[in-house]
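Below: one structure, written as structure tokens.
Numbering (my numbering), first residue to last: 82 to 825.
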């Protein structure tokens, strides 16, 4: 039973007991008070008529009766009688009860009252109810036995007792209701306070509170969820399980992926052709899936040696030495790349979808290029399929129009469109002049996926605001005509285990090697940030947080260095060029402020790093700070967790990332709040080893279970189930047509 319910029951029991005690106590006090009042009234009545009574006691019984009648004019005195000392009834009013004889009353008085008493009372019962008999003696000592008997009607006492009882019962129910309301309000307030504290712990607070109970509950919840999934589906998600899922649900069909960025870029160097891997979260997530499932990756061929490495159909098998899947490269002219990629995609859609103080720029000529390039890629996808109902994964905001274009050529295709960045609310997406075309394009997919449920809700609201369609909110689906498009959250992740870690030295070796390579002291504390050079990543705010740390925590001056790996990105866009210059300026200012002869707080490595090199920095660091101002997921956070097989290191994570919903054991901060961010950095650097291990172990368990194979598996299973239903519906339609034809 909940604590609040137990408290309420105890409180009600206490109120009931108090009401009973109060009733009996109040009844006794009230009756005693009324009886004393009756005795006082009796004495006053007799005293006021004393002279007349004494004058007529023996001489005139008629006048004595009149005097007694005058006494009974009080509405509460039923009757009166005069008794002699021998117990003889001398006079009585008409209403005096004859059951009460003078002799019996005097006998009772001699038995119950002291000899010196001048009055005596009793409360006998009559058939009509209780009465109060009051015997008062008059005269001197010699006449002590002359008595006046007054009979009082006390039925009103019972009425008043009933009224008192009713009032107490009503008071009990009122107090019970008030107690219940107070308990309910207190419980609600306590629940709200607890949930606010829980939400604060999940999102991060200014005080960076660490709640072991929260971690225990989260760990238990994950364990239960993991146990259920393992029982239902047979173990952790892995490449083998993903292949088995593909075989079970999709008959082992190959997958066609459409993405702007290719996973392997061939670049011409002085030493020949080198294969590079782009700094892209999308590539990080999708490339292991393609290695596991095979298929074709359709992408923009952007490398300087890409054309030299493809066959006559613009295909090349990758990865080198493994050749587990194929890249189909699509070539873009300079105008196409400028309008489609730099223009509409990254000057228009990117700032539109990210809340990072950047105004989107929309140009009609850019959108025209966007349409044509989407068509070019859609045609390439259709050329790579090997059936009329293939599985196609369309990735990200570069190809919002492609699902509809593919659907027009392959109406039976199962198309999954995954939007890797946030989807804004309906009001914000309404800024785009071509919002209808974007939404209609995505609705050409069978399934539209986002990282979070909030992004799904925003998309559905956008459809509701701008498109003619029926929204099935119960199943989160958009219905247009006979077609349904599911809208689902699929939080993306990374492979587990990360195959790049096979090429990376241990954490202990990386710790020594990176510090030596950068000319840092072996015992210096190291922080790391890994990003493309983009204004949504909060790199400026990150460097300012380091400055704030050194300002407010002087013990870290000369002892803490932050390494920022910033791969250049979209340098043809003016805003990115200015950001590049600004990051240089900020790093130089902070270094000028805190550097000494053999110490610098900021190490800025503004160049492309291969994945193995990135994971080496992860393993060398004491903390990783992800300070995105707005991000769909951010896989850097999960990569850092995956790299730390030593269960050391602390993740400081922006609350504005999708990853903050998964990795709640990180120190969650608002990157705009430099004081809070610096507190988190200090807390990370001071954190005991056992607490680091507890947090890292919990996050590693989550990432291992909710890995990228699970992400892909869930999407593919949903798509397969949708295709099965559509095929069944198609067969039923065909049977209906056959039946109608036969009947005709």
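Don't be surprised by glycine CBs; every beta carbon is placed ideally from N, CA and C.
No experiment lies behind these values; they were computed from the predicted model shown.
Residues that residue i bridges to, as DSSP identifies them
i: residue 677; result: 680
i: residue 570; result: 531
i: residue 218; result: 228
i: residue 782; result: According to DSSP, which records beta bridges pairwise, residue 782 is partnered with nothing at all.
i: residue 705; result: 609, 732
i: residue 499; result: 476, 530
i: residue 202; result: 215
i: residue 147; result: Answer is none; residue 147 lacks a bridge partner.
i: residue 164; result: 170, 228
i: residue 101; result: Answer by DSSP bridge pairing: none, since residue 101 is not bridged.
i: residue 667; result: DSSP output for residue 667 lists no bridge partner at all.
Euclidean distance between Cα positions of residue i and residue j
i: residue 219; j: residue 227; result: 6 Å
i: residue 169; j: residue 183; result: 6 Å
i: residue 475; j: residue 456; result: 13 Å
i: residue 442; j: residue 415; result: 19 Å
i: residue 732; j: residue 636; result: 21 Å
i: residue 592; j: residue 641; result: 14 Å
i: residue 344; j: residue 265; result: 58 Å
i: residue 581; j: residue 802; result: 34 Å
i: residue 805; j: residue 402; result: 37 Å
i: residue 832; j: residue 788; result: The structure shown does not extend to residue 832, since the chain is modelled only from 82 to 825, so the question has no answer here.
i: residue 643; j: residue 594; result: 16 Å
i: residue 575; j: residue 267; result: 44 Å
i: residue 553; j: residue 608; result: 47 Å
i: residue 424; j: residue 449; result: 11 Å
i: residue 94; j: residue 206; result: 36 Å
i: residue 124; j: residue 146; result: 18 Å
i: residue 719; j: residue 612; result: 13 Å
i: residue 800; j: residue 624; result: 43 Å
i: residue 550; j: residue 540; result: 13 Å
i: residue 472; j: residue 742; result: 30 Å
i: residue 662; j: residue 656; result: 10 Å
i: residue 213; j: residue 232; result: 6 Å
i: residue 224; j: residue 153; result: Any reading at residue 224 needs caution, since the residue's pLDDT is 45, under 50, leaving its predicted position unreliable; the model's value is listed next. Each residue's Cα considered, the two are about 24 Å apart.
i: residue 783; j: residue 809; result: 37 Å
i: residue 543; j: residue 508; result: 8 Å
i: residue 100; j: residue 262; result: 19 Å
i: residue 39; j: residue 570; result: Absent from the structure is residue 39, since the part of the chain shown begins at 82 and ends at 825.
i: residue 113; j: residue 106; result: 11 Å
i: residue 164; j: residue 134; result: 11 Å
i: residue 513; j: residue 482; result: 14 Å
i: residue 545; j: residue 500; result: 18 Å
i: residue 626; j: residue 735; result: 12 Å
i: residue 534; j: residue 796; result: 15 Å
Environment of residue i [buried if 16+ CB atoms lie within 10 Å]
i: residue 603; result: exposed
i: residue 247; result: exposed
i: residue 293; result: Any answer about residue 293 is weak, because its pLDDT of 43 lies below 50 and its placement is not dependable; what the coordinates show is given next. Residue 293 should be labelled exposed.
i: residue 537; result: buried
i: residue 428; result: buried
i: residue 650; result: buried
i: residue 374; result: buried
i: residue 688; result: exposed
i: residue 195; result: exposed
i: residue 102; result: exposed
i: residue 589; result: exposed
i: residue 678; result: exposed
i: residue 143; result: exposed
i: residue 505; result: buried
Whole-number beta carbon distance between residue j and residue i, since they are thought to touch under 8 Å
i: residue 619; j: residue 709; result: 6 Å
i: residue 762; j: residue 680; result: The pair is not a contact, with the Cβ atoms about 17 Å apart (cut-off 8 Å).
i: residue 359; j: residue 342; result: 5 Å
i: residue 703; j: residue 606; result: 5 Å
i: residue 712; j: residue 737; result: 6 Å
i: residue 785; j: residue 317; result: 7 Å
i: residue 548; j: residue 510; result: Contact flag wrong, Cβ pair sits at about 11 Å.
Closer than 7 Å to chain E by CB, residue i
i: residue 482; result: Going by chain labels, chain E is absent from the structure shown, which holds only one protein chain.
Indicate whether the contact test is met: 3 or more Cβ pairs, each with one atom in the stretch 426-443 and one in the stretch 460-473, closer than 8 Å.
When Cβ pairs closer than 8 Å are counted between the two stretches, the stretch 426-443 is seen not to touch the stretch 460-473, the count staying below three.
Can you find at least 3 beta carbon pairs, one from the stretch 418-434 and one from the stretch 384-400, that sit closer than 8 Å?
Fewer than three Cβ pairs drawn from the stretch 418-434 and the stretch 384-400 lie within less than 8 Å of each other, which leaves the two stretches out of contact.
Under 8 Å: do the stretch 552-566 and the stretch 765-784 share three or more Cβ pairs, one atom per stretch?
Counting Cβ pairs under 8 Å, fewer than three are found: no touch.
Segment contact flag, the stretch 319-336 with the stretch 354-368, C-beta cutoff 8 Å, min 3 pairs
No, the stretch 319-336 does not touch the stretch 354-368.
Taking contact to mean 3 or more Cβ pairs, one atom from each stretch, closer than 8 Å, check whether the stretch 349-359 and the stretch 484-492 are in contact.
These segments do not touch.
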